[in-house]
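Residue numbers (my numbering): 541 to 764.
Think of the CB as a built atom: it goes at the ideal place given N, C-alpha and C, for glycine as much as any other residue.
So the structure is just underneath, and the comments pick up after that.
In structure tokens form, the structure reads like this:
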């Protein structure tokens, strides 16, 4: 009997070891990264499972910073919800992108977030004297801010250029914006007039000001 108890105990230890390693592997697969939340006040709800931060709340993880009037962090699920005066700031090297909205829902385990309500995005261009401005109905963030996805009624304004589409995908690493749906349309202005063109997909390389259109491309020039 004692030998059987010892064997069962060793088996339990072994299973516990496997579970711990499995949890660690899952965490690594989900890109688990340390996150910090600060604010003027903090309340512990539901026996500490939920932390509520109030006043000048700031969430920081990797290159992403989110500020809000109030945040709730679920320590079990990793979900962080923000309310009121949402500001998102992605900063990496020379890149700085800001976004504003009314509400935020972000998973600190996976680096995915959804932002809604009066969404505005501003990307500071490479020379720091100009910017790219975007508005949309909803904004998704992937990979801790490395990729943005603008959804519905997308409008982009940058020096001498305007663009509209149903969706826009921006990759901070490649510095490319992919416009789809609508179909996407771009209007460029200069001293001679304006040029309008549309296509199934339009790609904008923001740091080189290169625009590539593909699929059912149509162009129209309007002279002054």
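Between the stretch 687-699 and the stretch 707-723, the count of Cβ pairs shorter than 8 Å is three or higher; the stretches touch.
Counting only residues of its own chain and dropping the five nearest sequence neighbours on each side, residue 715 has a CB closer than 7 Å to the CB of 745, 746 and 747. DSSP links residue 601 through a beta bridge to 604. Going by C-alpha positions, residue 719 is about 6 Å away from residue 741. DSSP places residue 731 outside both helix and strand once states are collapsed to three, so it counts as coil. Unbroken alpha helix (DSSP H) runs of no fewer than 4 residues, entirely contained in the stretch 692-752, are not found. In the displayed model, residue 685 falls within a helix according to three-state DSSP. Relative to the Cα of residue 617, the nearest Cα in the group 650, 676, 624 and 594 belongs to 650.
Comparing alpha carbon positions, the residue from 729, 607 and 594 closest to residue 697 is 729. It is roughly 43 Å from the alpha-carbon of residue 682 to the alpha-carbon of residue 764. Between residue 630 and the set 603, 759 and 656, the nearest pair of CA atoms involves 603.
The continuous beta strand (DSSP E) containing residue 635 extends over residues 635-647. In this structure, residue 655 and residue 641 form a Cβ contact; the two beta carbons are roughly 4 Å apart against a cut-off of 8 Å.
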